[in-house]
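Numbering (our numbering), first residue to last: 137 to 404.
Cβ coordinates follow ideal geometry from the N, Cα and C atoms, glycine included.
Here the structure comes first, spelled out in structure tokens, and everything after it is commentary.
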């Protein structure tokens, strides 16, 4: 890990130490499970990629990529059906034989409007503006960050009953408008959650990105399909800890990422 990556890890550990001890893709956990008005979720990601996918979806050798990312998602319900969203991020990217960068990643600002609900679930429209930090013109989509993006998203949540246990399904579909040369994107994300115990949540997340054709300049068409497996444990009435693994299972003109992540969820 590079020196800058170590700095991110130290900063992340320090943030954990400052969190109250007694007080959880581009995908946030489903806030609908809680009756609280707000939540803050700090998530740390580490991933590396020694191989990638070519234009035919075949695995190929590439220059080694390494990413360290920190996201801080904040959501607050200002009205019964309207939630504000603010998600800044930091990131460190290193490339074998290429340029490294470290600094501010994308910052998402937006809101979610729930237009239909019942005891078992809800439907909502979500829109965010994504403001870039450090600019990076990489051909491989998971690393590039250039201009402002606008995400328009339909989201649905439904509770599940599994014998005496509970669970949920969270589905999201969006179209992301991107300024500059990168192509616009389709996103389709699915989360399945299962609670074997009241204080334990297991999640499987499928996160899928497909470019709307090719862009300008260096940007070819691409797609990538990520899978995340994680567990969340409540450690206090308003605090939970998350840990999980991630990987890119298929793609075209994309990285084949492998990594892990951890997070702290705080509701209020």
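| query | result |
| --- | --- |
| Determine the DSSP secondary structure at residue 333, reduced to helix, strand or coil. | strand |
| Considering only residues of the same chain and omitting the five flanking positions on each side of residue 212, which have a CB-CB separation below 7 angstroms? | 173, 174, 219 and 220 |
| Excluding five sequence neighbours on each side, which residues of the same chain lie with their C-beta closer than 6 angstroms to the C-beta of residue 292? | 259 and 307 |
| For residue 327, name the three-state secondary structure that DSSP assigns. | strand |
| Residue 345 to residue 374, Cα distance in whole Å? | 33 angstroms |
| Taking all protein chains shown into account, do 16 or more other C-beta atoms lie within 10 angstroms of the C-beta of residue 333, making it buried, or fewer, making it exposed? | exposed |
| Could I get the ranges of all uninterrupted beta strand (DSSP E) runs contained in the stretch 206 to 283, with 3 residues as the minimum, in chain order? | 218 to 223, 225 to 231, 237 to 240, 243 to 253 and 257 to 267 |
| Between the Cα of residue 263 and those of 256, 255, 250 and 257, spot the shortest distance and give me the residue it belongs to. | 250 |
| Is the beta carbon of residue 379 within less than 7 angstroms of some heavy atom of the ligand FAD? | Here there are no bound small molecules, and the ligand FAD is not part of this structure. |
| Is residue 314 buried or exposed, if buried means 16 or more other CB atoms sit within 10 Å of its CB? | buried |
| Who pairs with residue 312 in a beta bridge, going by DSSP? | 287 and 321 |
| What number of angstroms, rounded off, separates the C-alpha of residue 377 from the C-alpha of residue 371? | 7 angstroms |
| Quick one: what does DSSP say residue 358 is sitting in, helix, strand or coil? | coil |
| Relative to the C-alpha of residue 382, which candidate in 364, 390, 392 and 369 has its C-alpha closest? | 364 |
| Could you name the residues of the same chain whose beta carbon sits closer than 6 angstroms to that of residue 386, not counting the 5 residues immediately before and after it, in chain order? | 361 |
| Could you spell out where the beta strand (DSSP E) holding residue 388 opens and where it closes? | 375 to 388 |
| If distances are taken between C-alpha atoms only, which option among 227, 298 and 210 comes closest to residue 244? | 210 |
| Around the C-beta of residue 178, are 16 or more other C-beta atoms found within 10 angstroms, so that it is buried, or is it exposed? | buried |
| Buried or exposed: where does residue 287 fall if 16 or more other Cβ atoms within 10 Å of its Cβ makes it buried? | buried |
| From the DSSP output, read off the bridge partner residues of residue 348. | Residue 348 is not bridged to any residue. |
| Look at the alpha carbon of residue 194 and the alpha carbon of residue 236, and state the distance between them as a whole number of angstroms. | 26 angstroms |
| Taking the straight line between their C-alpha atoms, what separation do you get for residue 255 and residue 202? | 43 angstroms |
| May I ask which residues mark the beginning and end of the beta strand (DSSP E) holding residue 174? | 174 to 189 |
| What residue from 207, 357 and 185 has the CA that sits closest to residue 197's CA? | 185 |
| Leaving out five residues before and five after residue 348 in sequence, what residues of the same chain have Cβ atoms less than 6 angstroms from its Cβ? | 319 and 320 |
| Would you mind sorting residue 157 into buried or exposed? The rule is 16 or more other CB atoms within 10 Å of its CB. | Confidence in residue 157 is poor, its pLDDT being 28 and thus under 50, which makes the residue's placement unreliable; the coordinate value appears in the next sentence. So residue 157 counts as exposed. |
| With H, G and I counted as helix, E and B as strand and the rest as coil, what does DSSP make of residue 192? | coil |
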